[in-house]
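Report on the structure given below.
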Amino acid sequence: MAERASQYQGDDTTVTVLVLGDPECGKTTFLSCLKKSPTGPSSNAEVNVLRDSDQPFLYDIHFAKKSFALEIYDTAYPNQHWSTLKPDVVVLAFDISNRDTLTGLKEWRQDIIRYFQHGHGERIPVMMLGLKRDLRVEGADIIYPQETYRMAQELRCDRYAECSAVTGELLAETFEDLARLAGMTTTEFGGQTKGGCVVM
Numbered sequence: 003m004a005e006r007a008s009q010y011q012g013d014d015t016t017v018t019v020l021v022l023g024d025p026e027c028g029k030t031t032f033l034s035c036l037k038k039s040p041t042g043p044s045s046n047a048e049v050n051v052l053r054d055s056d057q058p059f060l061y062d063i064h065f066a067k068k069s070f071a072l073e074i075y076d077t078a079y080p081n082q083h084w085s086t087l088k089p090d091v092v093v094l095a096f097d098i099s100n101r102d103t104l105t106g107l108k109e110w111r112q113d114i115i116r117y118f119q120h121g122h123g124e125r126i127p128v129m130m131l132g133l134k135r136d137l138r139v140e141g142a143d144i145i146y147p148q149e150t151y152r153m154a155q156e157l158r159c160d161r162y163a164e165c166s167a168v169t170g171e172l173l174a175e176t177f178e179d180l181a182r183l184a185g186m187t188t189t190e191f192g193g194q195t196k197g198g199c200v201v202m
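Add 2 to the 1-based position in the sequence shown for this note's numbering, that's all there is to it.
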């Protein structure tokens, strides 16, 4: 994973990332596959699913001449311990094959505002993440990418990406984009995107 070193300041930095989304939307599988390999599991590889008791999940990030750690918390239940965390980045995750999980992001977004944005104009970088991309099939209830992009803009997300942890499709690219957003929070400019959502 390469990026200009001049964008990042300080070594041994830890960036806290909070992943929110409805139960069974694919968050744990996504993080488990990243732990094994950010390029995705092979067809015959067994993925060891991460346990809640192992949190936070730690990932070492190496950009050009710079390193930092991602400390990731994963939960699907409102009003748990996560509301006391002080995340640098929040990821809103949903299941591409389940429209209810996409609609549910509106409530999760309100929780972000309630717990983490206390001052006027205060914002935290938010990435919207579509999971289970391999399950997007044609049908009456299909969620097209254009719809998810509009939702990301409506929720004022700084990034939108989607991937499949099972097949590995776009998994590495999604993790790299998350790492870039996290790395940007270590700069004086922060990770917020000016002028709209960045689609990866």
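Glycine included, each C-beta is placed from N, C-alpha and C at the ideal position.
Fewer than three pairs of CB atoms, one per stretch, sit closer than 8 Å, so the segment 154–163 makes no contact with the segment 58–76. Assignment of THR187 by DSSP, reduced to helix, strand and coil, places it in the coil class. Under the rule that a run must span 3 or more residues, the beta strand (DSSP E) segments found entirely inside the segment 108–163 read 128–133.
The C-beta distance from GLY185 to PHE70 rounds to 6 Å, short enough to fall under 8 Å. Assignment of THR15 by DSSP, reduced to helix, strand and coil, places it in the strand class. Taking the C-beta atoms as reference points, LEU133 is found nearer than 8 Å to CYS27. DSSP places ASP24 outside both helix and strand once states are collapsed to three, so it counts as coil.
Rounded to whole angstroms, LYS68 and ASN100 show a C-alpha spacing of 38 Å.
For THR103, the enclosing alpha helix (DSSP H) stretches over residues 101–105.
If you look at VAL93, you'll find it in the beta strand (DSSP E) that goes 91–97. Within the same chain, VAL51, LEU52 and ASP76 come within 8 Å of THR30 by CB-CB distance, once the 5 residues on both sides are set aside.
As a beta-bridge residue in DSSP terms, ALA71 pairs with THR16 and ASP62. According to DSSP, ASP76 shares a beta bridge with VAL21. Judged by pairs of C-beta atoms under 8 Å, the segment 97–115 touches the segment 136–149, as three or more such pairs exist. ILE74 sits buried, since 16 or more C-beta atoms from the chains shown fall within 10 Å of its C-beta.
The residue from ARG135, THR188, THR150 and GLU156 with its alpha-carbon nearest to that of GLU171 is ARG135. Just measuring C-alpha positions, the residue of THR86, PRO89 and ASP97 sitting nearest ALA167 is ASP97. Taking the CA atoms as reference points, PRO89 sits about 27 Å from GLU149.
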